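Letter by letter, the sequence shown follows residues 1 to 118 of full-length UniProt numbering.
Don't be surprised by glycine CBs; every beta carbon is placed ideally from N, CA and C.
Treat the numbers as computed from the prediction; the structure is a model and nothing was measured.
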Amino acid sequence: MGTVYSPCCDVHITPKIGMVFSSWEEGEDYYKTYALHAQFCARRGPQKLGEGGSPIWKSFVCSKQGWREMGPARVYRRNMHHSRCGCKAMIRFTAQDDGTIRVSHLVEAHTHIPDEYI
Ligand SMILES: [Zn+2]
1 MGTVYSPCCD
11 VHITPKIGMV
21 FSSWEEGEDY
31 YKTYALHAQF
41 CARRGPQKLG
51 EGGSPIWKSF
61 VCSKQGWREM
71 GPARVYRRNM
81 HHSRCGCKAM
91 IRFTAQDDGT
101 IRVSHLVEAH
111 THIPDEYI
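1. Put Gly-45 into one of helix, strand or coil per three-state DSSP.
2. What is the residue span of the alpha helix (DSSP H) that Ala-38 lies within?
3. Classify Arg-92 as buried or exposed, calling it buried when 16 or more other Cβ atoms lie within 10 Å of its own Cβ.
4. Please confirm whether His-110 has its beta-carbon closer than 9 Å to some beta-carbon of chain C.
5. Can you name, in chain order, every residue of its own chain whose Cβ lies under 8 Å from the Cβ of Gly-18, other than the five neighbours on each side?
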């Protein structure tokens, strides 16, 4: 009762570099909620674990990222303009000394139109 749906789109929901969250889950939820509003699908991306298995950083990427994850080496070309590479939208959270996590990288731009229009 009394629920108000405000479709699209709270600009306050857009993540920013330097945002701090109290846990990985909170950061992940935040990005997934944002993804929902921005009409793309977020999935877990690469992460780095430290000694003892606690994460140093974790990233989440657009589900249309499309990089091949196999292969012996990732080859970076200087000209990355070929469009078949997939979407590069991502966020990375980095652990801080006090146990919180911070947005350290963010790519907002997608290389495709939002899912809704496909
Ligand atoms: Zn995308």
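Let's see:
1. Your numbering for residue 45 matches position 45 in the sequence shown. Gly-45: strand per DSSP, three-state reduction.
2. For the purposes of this step, residue 38 is taken as residue 38 along the sequence shown, with counting starting at 1. Here the alpha helix (DSSP H) through Ala-38 covers 24-38.
3. Along the sequence shown, read from residue 1 onward, the residue named residue 92 stands at position 92. Counting other Cβ atoms within 10 Å of its Cβ, Arg-92 reaches 16 or more and is therefore classed as buried.
4. Absence of chain C from the displayed structure is noted, only one protein chain being present.
5. Numbered from its first residue, the sequence shown carries residue 18 at position 18. Shown here for Gly-18: same chain residues with a beta carbon closer than 8 Å to its own, the five before and five after excluded, namely Arg-102 and Val-103 in chain order.
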